[in-house]
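S.K.:
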Amino acid sequence: MSNRPNRSPFQEDIELQNQRISSRRNSDILNGISQFAIDDDDVNGDLGNPYFSRQTPANGSHIPLGADWSTLSWKQKLTIYFSQTRTKKRVFIVTVFFLIVWSILLLGFARAGNLKNTDEYLPEVGKGTDAYAGVGSSNDTHSSDGLKKMSLDEQRIGSYYAFHYSLNFVNVDDKDGYYIHDAGSYDALKKVDDSEFETKLYKTNTFEYKEEMYNFKLKELSKDGKRAIVVTNEQSLFRHSGYGIYWILEIESEALSPVHKVDKENVKTSFAAFSPNGNYVSFVEDNNLYVKDLKTNEVLQVTDDGNDNIFNGRPDWVYEEEVLADDKAVFWSQDETKVAYIKFDDTKVPEYDLEMFGDDTYPHVEKLKYPKPGYKNPVVSVHVYSIADKKSTVVDHSDSKLGDDFVVYDIAWITKDELLIKETDRVSKKIDVRLYNGADGSSKVIRSADSADYNGWYVNNGHFYVLPNGKGYIDTVVDNNFDHLGYFKTATTVVPEVLTNGEFDVIGGTLGYDANLDALYYIGATGGNAAQRQLYKIKLSEGAESVKSLTDDTQLGAYDVKVSTGGKYASISYRGPNLPNTKVVELSKMAEDKEYYKSVKPLQDNAKLQENLALYAVPTKKYITVTLDDETEISVQEVRPPNFDSSKKYSLLVSIYGGPGSQKINANFNYGFEEVVSSSLNTVVWYIEPRGTGSKGWKYKAYAKKNIGFWEPRDVVETTKKLIKENSYINADKTAIWGWSYGGFTTLKTLEFDAGSTFKYGMAVAPVTDWTLYDSIYTERYMDLPTDNENYKATAKISDYKKFKQVSRFLLMHGTGDDNVHIQNSMHLLDGFNLNGVENYDMRVFPDSNHNIAYHNANTIVYDQLYNWLQDAYSLKFIDMN
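Residue numbers (the UniProt record's numbering): 1 to 882.
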């Protein structure tokens, strides 16, 4: 790619993207607000996902494409109705008529003297019971220097939103540098190094099939670029999963044909995906796996035992949430002769009754297979289906010492016959890597590890990365208590060559590999700062001595990188701490000359955001390290309100998560709920990372092992006390802590431990209150079995209820439809409060909302309530109530 200062081949793309920002913003910002609260909720150190909502279509749109008319809301029906040409003509006539009537009425209204500017009514500010609270209800909307204070209202319309250009590379006919460009009304195939190249994949996404109209969404392009998989009638299920009707689109003719059944009343296909070379499509329907031969259109039924308890090729709830982070459990061999899949048997897994209220006279109950600590887990097995023989073989597991309820974390074909399977015991402590040989059916454990060696646990930090041309694979290994890249030259290699070293963690495994340059790329949390996310290159043949930084790791920075299939190009998104931008680079040029990256014109630079922020009183941020009495160093990010004056007193909000291996502090540019509070309520915010959190190596993470609920409150309280003592600008009577999900647990645990000494107020949203109530795989990974760990009762539960009486006041919120952290957690807590006479709290319940709390306007309400409740706390209104 040329670095001439002329028009970038991507500029026309980004201009189209920028035109669409305003239409996307509201839904993105709604999710974004939640993201700042629960952004650590992922499978690596997490509970829920702010982007997951059972009430939102999987396609991310507000109207499910091709949805059954009877299932649509009145708003969705209107949207479809007004999209029709005949309707538009009618609406035009009716609109003209009403404009004439309105003009006559307006004239009469004005003559009556009713068009006056009056301030006779001003709503009372700060009441927690306001129907719409919001920052916008406050009269104090400007700072002392005349700038506007930040507000939730402005945040929701995108005033502080940094746009991120999303670019997805595809490999067409083994040629690198192609990508799919979403132009809004169509998808197009484009090339990095040819600005003139564009192939529209379709003219319209609307089509008719058997006298029914459908609208599709692109899911995947085949390797030869001649076909695409598209989907209609999408319905969300859980975090990654859903249902839909899947179709094959012939790019040249634009002909569409269904992958399998078309039943709009009973959509049961979980996913559909191409095989490596695009000759087959694998899909799951009614929990059975199928393979369709695109040359003959023959559909092969791989399994026939799928039901409510047996899942073939798609994960059950706990595997989707905590292990695979995907809706698929299907793995094709490189030559397309075999397909491996996982079978999940949930027959003995207990059910949780999730009550949904809706609008019906009687509520209905959704039965969810949900294993809890100590209860039966799904029993899994790996199978390999032969396309030629049309039969499946179960991978033998007789030599395993992991137990019948072992966990399968990763699967990859290393060659056309060699399949690697990464397994752990139930509590994710002992790790085996198994090799299955598809040629002779043999299966054996080739290497093992024990996380007890570093007092840790196993969780995926990057998957097997298979190198081309039979060069072996890369896997994440623990070396000197840090996560590093290990090179395994063959499928049977036991001891790897450790490619990276030093006191930092590699994040997310291998990004990509360029076989022509022998260059491997990865992200490192380097420089002694867990917030760092820098891009590095290493030559596979030279190892650790060849490591080279491609981004400026002498400065704090966070980069999100996608490498093209062939490893030649990368989309590099700079996330902060300064204004974000995205650039597409040729990695070899970036490695040769650091000035090259600076010279590349960004696809988007958020210049308009910079102009907009100049109108607001924006908080400032700084990073602090606090040394505790036992010499432990705790990372803190401080957010200071505009026009900060250290001689004045400020209210304090501590924002916390604290889950094992998670991170709350990062270098990203963002302005979320906490920043709005800082700007508009003149508040200092501290983000605190207690012991057990991530990107500081295993010595730091290991504090969480078998110890959930112990170090989090102690570190938060001691850190806060030290900072208040060292800094005279905090009003000790106006101190609050808040968190969502695991952060809700940490909030409650801190209030329990502190008993009102340091924190006067607290807000917990969707909290775990007893870790025996959460799912087995996540909890046992850190806590082992309840029978083997007394800390389930001692520290991993809110139990000292009377301590809460000494807190000035606290707030609880939970959605009744939370499939992740069940409302049972809050019900147990409330019962404990009742038995111990605890009354100094407020409770808000959101009907049918899941962990995200977004159903029926709930996300707006939850943040309005949090803001107003906090405003009342800082105004000391709760003192009289108590």
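Here a beta-carbon is modelled for each residue, glycine too, at the ideal position from N, C-alpha and C.
What you are looking at is a predicted structure, and each value in this text was computed from that prediction instead of being measured.
1) Just the Cα atoms here: how many angstroms apart are G134 and V654?
2) Assuming Q235 is part of the beta strand (DSSP E), what are its boundary residues?
3) Of the residues R239, K589, V584, D396, which one's Cα is nearest the Cα of S195?
4) For the alpha helix (DSSP H) holding V676, just list the boundary residues, first then last.
5) To the nearest angstrom, how far is the alpha carbon of Y436 from that of L419?
6) Quick one: what does DSSP say N215 is sitting in, helix, strand or coil?
7) Report the residue from I708, T620, H260 whose alpha carbon sits nearest the alpha carbon of V677.
8) Where DSSP assigns a beta bridge to S655, which residues make up the other side?
9) Quick check on S392: does DSSP put it in helix, strand or coil?
10) Could you check what DSSP says for V312 in three-state terms: helix, strand or coil?
11) Within a Cβ cutoff of 6 Å, which residues of the same chain sit near K116, ignoring the five residues on either side of it in sequence?
12) So, with DSSP's three-state summary, where would you put D864?
13) Within its chain, find whatever has a CB closer than 6 Å to the CB of Y160; leave out the 5 residues flanking it on each side and keep chain order.
14) What would DSSP say about K648, mapped onto helix, strand or coil?
15) Let me know if H142 comes out buried or exposed under the rule of 16 or more other beta-carbons within 10 Å of its beta-carbon.
16) Quick test of your reading: V262 and F283, contact by CB under 8 Å. State the CB separation rounded to the nearest angstrom.
17) Contact between the stretch 351–359 and the stretch 398–406: three or more CB pairs below 8 Å?
18) Return the bridge partner residues of T424 from the DSSP annotation.
19) Given this structure, state the Cα-to-Cα distance separating T551 from K594, to the nearest angstrom.
20) Where does E418 sit, in a helix, a strand or coil, going by DSSP?
21) Out of E675, Y465, P363, W413, point me to the one whose CA is closest to K149's CA.
22) I'd like to confirm the pairing. Which residues does DSSP put opposite S728 in its beta bridges?
23) Leaving out the 5 sequence neighbours to the left and right, which residues in its chain are closer than 7 Å to L517 when beta-carbon positions are compared?
24) Helix or strand or just coil, what does DSSP make of G815?
25) Taking the CB atoms as reference points, tell me whether V547 and G512 lie closer together than 8 Å.
26) Would you check if the distance between the CB atom of V716 and the CB atom of V862 is smaller than 8 Å?
27) Check whether the Cβ atoms of L556 and A388 lie closer than 8 Å to each other.
28) Using 8 Å as the cut-off, can you tell me whether the stretch 419–429 makes contact with the stretch 447–462, which would need three or more C-beta pairs spanning the two stretches below that distance?
29) Just confirm the distance between the C-beta atoms of T232 and F216, as a whole number of angstroms; I'd bet it's less than 8 Å.
30) Does the beta-carbon of I879 have 16 or more other beta-carbons within 10 angstroms, so that it is buried, or is it exposed?
31) Among N377, L324, G832, E611, which one has its Cα closest to the Cα of L785?
32) Measure the Cβ-Cβ separation of W413 and F331 and say whether it is below 8 Å.
33) Run the CB neighbour count on G108, radius 10 Å, all protein chains shown included, and call it buried at 16 or more, exposed below.
34) Do you know how far the Cα of N288 is from the Cα of V302?
35) Quick check: the Cα distance between V380 and Y867, rounded to an integer number of angstroms?
36) Please decide whether Y352 counts as near chain B, where near means a Cβ-Cβ distance under 8 Å.
M.R.: In this structure, then:
1) Walking along the sequence shown from the start, residue 134 turns up at place 134. Walking along the sequence shown from the start, residue 654 turns up at place 654. Interpretation of G134 is limited by its pLDDT of 32, a score under 50 that renders its predicted location unreliable; no figure is taken from the coordinates.
2) Taking the first residue of the sequence shown as position 1, residue 235 is located at position 235. Element bounds for Q235: 227–236.
3) Here residue 195 corresponds to residue number 195 of the sequence shown, with the count starting at 1. S195 has its Cα closest to that of V584, out of R239, K589, V584, D396.
4) Start at 1 with the first residue of the sequence shown, and residue 676 comes out as number 676. 673–680 is the extent of the alpha helix (DSSP H) around V676.
5) For the purposes of this step, residue 436 is identified with residue 436 of the sequence shown, where counting begins at 1. For the purposes of this step, residue 419 is identified with residue 419 of the sequence shown, where counting begins at 1. Y436 and L419: Cα-Cα distance of roughly 5 Å.
6) As a position in the sequence shown, residue 215 is number 215, starting the count at 1. Three-state result, N215: strand.
7) Translated into the one-based positions of the sequence shown, residue 677 becomes position 677. Of I708, T620, H260, the residue nearest in Cα terms is T620.
8) The count along the sequence shown starts at 1 and reaches residue 655 at position 655. Assignment of beta-bridge partners to S655 by DSSP yields Y687, W738.
9) Looking up residue 392 in the sequence shown gives position 392. S392: strand per DSSP, three-state reduction.
10) Here residue 312 is taken as the residue at index 312 of the sequence shown, counted from 1. Residue identity check: residue 312 is Asn in the sequence provided, not Val. Three-state DSSP puts N312 in a strand.
11) Against the sequence shown, residue 116 aligns to sequence position 116. Note on K116: pLDDT 35, under 50, position unreliable in the model; the coordinate value appears next. Hits under 6 Å: none found.
12) Position 864 of the sequence shown, counting from 1, holds the residue named residue 864. D864 falls in the helix class under three-state DSSP.
13) Looking up residue 160 in the sequence shown gives position 160. Y671, listed in sequence order.
14) Here residue 648 refers to the residue found at position 648 when the sequence shown is read from its first residue. For K648, the three-state secondary structure derived from DSSP is coil.
15) Numbered from its first residue, the sequence shown carries residue 142 at position 142. In the assembly as shown, H142 is an exposed residue. Its beta-carbon has fewer than 16 other beta-carbons within 10 Å.
16) Within the sequence shown, numbered from 1, the residue matching residue 262 stands at position 262. Within the sequence shown, numbered from 1, the residue matching residue 283 stands at position 283. No, V262 and F283 are not in contact; Cβ-Cβ is about 13 Å, not under 8 Å.
17) These segments do not touch.
18) Reading the sequence shown from its first residue, position 424 is the one you call residue 424. Paired residue(s): V407, I431.
19) Position 551 of the sequence shown, counting from 1, holds the residue named residue 551. Position 594 of the sequence shown, counting from 1, holds the residue named residue 594. Whole-angstrom Cα-Cα distance: 8 Å.
20) The residue labelled residue 418 in the question sits at position 418 within the sequence shown. DSSP places E418 in strand when its eight states are reduced to three.
21) Looking up residue 149 in the sequence shown gives position 149. When E675, Y465, P363, W413 are compared, the shortest CA-CA separation from K149 is found for E675.
22) In the sequence shown, the residue the question calls residue 728 occupies position 728. DSSP output for S728 lists no bridge partner at all.
23) For the purposes of this step, residue 517 is identified with residue 517 of the sequence shown, where counting begins at 1. Correct list, in chain order: S588.
24) Within the sequence shown, numbered from 1, the residue matching residue 815 stands at position 815. Here G815 carries a strand assignment [DSSP, helix/strand/coil].
25) For the purposes of this step, residue 547 is taken as the residue at position 547 of the sequence shown. For the purposes of this step, residue 512 is taken as the residue at position 512 of the sequence shown. The Cβ atoms of V547 and G512 lie no closer than 8 Å to each other.
26) In the sequence shown, residue 716 corresponds to position 716, counting from 1. In the sequence shown, residue 862 corresponds to position 862, counting from 1. 8 Å or more divides the Cβ of V716 from the Cβ of V862.
27) The sequence position of residue 556 within the sequence shown is 556, counting from 1. The sequence position of residue 388 within the sequence shown is 388, counting from 1. At least 8 Å separates the beta-carbon of L556 from that of A388.
28) The stretch 419–429 vs the stretch 447–462: in contact.
29) For the purposes of this step, residue 232 is taken as the residue at position 232 of the sequence shown. For the purposes of this step, residue 216 is taken as the residue at position 216 of the sequence shown. The Cβ separation is near 5 Å, so the contact holds.
30) Start at 1 with the first residue of the sequence shown, and residue 879 comes out as number 879. It is exposed - the Cβ of I879 has fewer than 16 other Cβ atoms within 10 Å.
31) Against the sequence shown, residue 785 aligns to sequence position 785. Comparing Cα-Cα distances from L785 to each of N377, L324, G832, E611, the minimum goes to N377.
32) Within the sequence shown, numbered from 1, the residue matching residue 413 stands at position 413. Within the sequence shown, numbered from 1, the residue matching residue 331 stands at position 331. Yes, the Cβ-Cβ distance between W413 and F331 is below 8 Å.
33) Your numbering for residue 108 matches position 108 in the sequence shown. Reliability fails at G108, whose pLDDT of 47 lies under 50, so the model's placement of it is uncertain and the value that follows must be treated cautiously. Around the C-beta of G108, fewer than 16 other C-beta atoms lie within 10 Å, and the residue is accordingly described as exposed.
34) Within the sequence shown, residue 302 is the residue found at index 302, counting from 1. Within the sequence shown, residue 288 is the residue found at index 288, counting from 1. CA-to-CA, the gap between V302 and N288 works out to about 7 Å.
35) Here residue 380 refers to the residue found at position 380 when the sequence shown is read from its first residue. Here residue 867 refers to the residue found at position 867 when the sequence shown is read from its first residue. Cα to Cα, the separation comes out at about 45 Å.
36) Here there is only one protein chain, and chain B is not present.
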